[in-house]
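Here it is, written out as structure tokens:
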């Protein structure tokens, strides 16, 4: 038995009934679309929904008149609405302040798993110009290159401390095609070469 028609019918009717319950008004769709073939009892659909019904549609949906958006909610509670709105605003404020631009950029870079995308690509993903992103990072006393270096440093240290893969492999994993450049960068970050760091780590 194909359960898709049953699930779609149940969900659609539940949504319409919920709208009617909160508005105290019957909601009459102007069209209903189902994303499956017409079932044997398909001729009953228009009588139930009181509107044209279409099958084999790209998605399940119903269309209602825009006037329903202006309906008031008789069961609404203005006091509770005010309380919940205030709580929502506090949550938005909390989470907006929680993540700095640096944190957001770092998250996007890490999500690429070793690609280390350039500034222009990341700024595009954040829906801002590269100039705006530079300015925001400068305001946080950092830069895109500094964030890249911090990520590479952390990943290099993790590989050296927790794996036995070669230093050449580590260099390649964090974006260095030249091992000598990786040695130079790592010593700049930590004051030691990768070999010295790994040896010191193992020796305690």
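Numbering (the working numbering), first residue to last: -14 to 189. The beta-carbon is built from N, C-alpha and C at its ideal position, and this holds for glycine as well.
Limits of the unbroken alpha helix (DSSP H) element including residue i
{"i": "residue 94", "result": "86 to 96"}
{"i": "residue 47", "result": "First-last for residue 47: 46 to 48, but that is the beta strand (DSSP E), not the alpha helix (DSSP H)."}
{"i": "residue -6", "result": "-11 to 8"}
{"i": "residue 158", "result": "152 to 158"}
{"i": "residue 175", "result": "164 to 175"}
{"i": "residue 31", "result": "30 to 34"}
Inter-residue Cα distance where the pair is residue i and residue j
{"i": "residue 13", "j": "residue -8", "result": "20 Å"}
{"i": "residue 39", "j": "residue 52", "result": "23 Å"}
{"i": "residue 76", "j": "residue 150", "result": "44 Å"}
{"i": "residue 161", "j": "residue 170", "result": "10 Å"}
{"i": "residue 68", "j": "residue 84", "result": "25 Å"}
{"i": "residue 101", "j": "residue 45", "result": "40 Å"}
{"i": "residue 8", "j": "residue 73", "result": "23 Å"}
{"i": "residue 3", "j": "residue 78", "result": "31 Å"}
{"i": "residue 99", "j": "residue 159", "result": "6 Å"}
{"i": "residue 177", "j": "residue 133", "result": "19 Å"}
{"i": "residue 155", "j": "residue 145", "result": "8 Å"}
{"i": "residue 28", "j": "residue -1", "result": "21 Å"}
{"i": "residue 17", "j": "residue 24", "result": "15 Å"}
{"i": "residue 35", "j": "residue 71", "result": "41 Å"}
{"i": "residue 32", "j": "residue 107", "result": "53 Å"}
{"i": "residue 66", "j": "residue 1", "result": "23 Å"}
{"i": "residue 157", "j": "residue 109", "result": "26 Å"}
{"i": "residue 55", "j": "residue 123", "result": "46 Å"}
CB of residue i within 9 Å of CB of residue j, strictly
{"i": "residue 94", "j": "residue 136", "result": "yes"}
{"i": "residue 21", "j": "residue 50", "result": "no"}
{"i": "residue 118", "j": "residue 129", "result": "yes"}
{"i": "residue 96", "j": "residue 104", "result": "no"}
{"i": "residue 181", "j": "residue 164", "result": "no"}
Minimum C-alpha distance to residue i - residue among the options
{"i": "residue 147", "options": "170, 125, 183", "result": "183"}
{"i": "residue 90", "options": "2, 54, 131", "result": "131"}
{"i": "residue 42", "options": "-10, 11, 35, 140", "result": "-10"}
{"i": "residue 15", "options": "118, 9, 48, -3", "result": "48"}
{"i": "residue 57", "options": "31, 72, 10", "result": "10"}
{"i": "residue 88", "options": "99, -4, 121", "result": "121"}
{"i": "residue 126", "options": "104, 115, 86, 0", "result": "86"}
{"i": "residue 141", "options": "124, 167, 23", "result": "167"}
{"i": "residue -3", "options": "25, 61, 30, 60", "result": "30"}
{"i": "residue 139", "options": "179, 108, 105, 0", "result": "179"}
{"i": "residue 5", "options": "-6, -5, 59, 37", "result": "59"}
First and last residue of the uninterrupted beta strand (DSSP E) at residue i
{"i": "residue 18", "result": "16 to 18"}
Handout entry: Runs of alpha helix (DSSP H) lying entirely within the stretch 93 to 134, each at least 4 residues, in chain order
Key = 104 to 110, 115 to 124
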